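In structure tokens:
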């Protein structure tokens, strides 16, 4: 498992870099955390990053003000290089420059756009890579590298867990298929229309997904 690097992009500790960290890592306001932040909106022990099945998992430790990853409220999240973690008023970027650049190169390679390798000079110069990844101080935080490919299915599932996951995906697939069949396409304007009842079904589906995410991230509640 690679060492953990966290760069503070915004907040009272802006500009600080925490690197060479080994999991597990805790982040909070209190002494005793691996990363201590000077932010009164950060809980004493706010989040934890730990290794599980060769992946790094972020868990919100029932913080008062919650945690966001890439702008989304989360309780539990697999971290990927380039992810932005928001705790209180502080925004942290997960990963070193090389780790994020290599992830971007891997994503592009899978999408058939060619590879970028900042180490061997086959890609653009470092200044271009910095621009693309928005490493300047005035960059829009939401423009930092985001995932452009769907996450992989979980591994090492028991047969029962695999059956449950399959049933859940089948349910969502069936609902979405019904919604797609109800869409009317206007060839001239290249717009689609959906009636109000189906729209409500779509909203209900999003609500169900939100409930699933909540129950997975916080099973005790």
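Residue numbers (our numbering): 206 to 426.
Glycine residues also receive a C-beta, built at the ideal position from the N, C-alpha and C atoms.
Please read these numbers as outputs of a predicted model, since none were measured by experiment.
CB-CB length for residue i against residue j, believed under 8 Å
i, j, result
"residue 361", "residue 251", "With a Cβ gap of about 29 Å, residue 361 and residue 251 do not count as contacting."
"residue 301", "residue 210", "4 Å"
"residue 398", "residue 409", "No, residue 398 and residue 409 are not in contact; Cβ-Cβ is about 19 Å, not under 8 Å."
"residue 225", "residue 208", "5 Å"
8 Å Cβ shell around residue i - same chain, five flanking residues per side excluded
i, result
"residue 235", "241, 249 and 250"
"residue 356", "283"
"residue 270", "246, 247, 248, 292 and 293"
"residue 387", "399, 400 and 403"
Nearest-angstrom Cα separation, counted from residue j out to residue i
i, j, result
"residue 267", "residue 417", "18 Å"
"residue 370", "residue 358", "10 Å"
"residue 419", "residue 288", "20 Å"
"residue 290", "residue 275", "7 Å"
"residue 297", "residue 237", "19 Å"
"residue 262", "residue 394", "44 Å"
Residue(s) in a DSSP beta bridge with residue i
i, result
"residue 256", "261"
"residue 281", "264"
"residue 289", "298"
"residue 397", "390"
"residue 241", "233"
"residue 223", "211"
Residues near residue i by beta carbon distance below 6 Å, same chain, minus five either side
i, result
"residue 265", "252, 272 and 280"
"residue 243", "217 and 218"
"residue 389", "398"
Per-residue burial, residue i [other beta carbons within 10 Å of its own, 16 or more giving buried]
i, result
"residue 295", "buried"
"residue 309", "buried"
"residue 363", "exposed"
"residue 374", "exposed"
"residue 213", "buried"
"residue 414", "exposed"
"residue 293", "buried"
"residue 381", "exposed"
"residue 401", "exposed"
"residue 377", "exposed"
"residue 421", "exposed"
"residue 385", "exposed"
"residue 233", "buried"
"residue 230", "buried"
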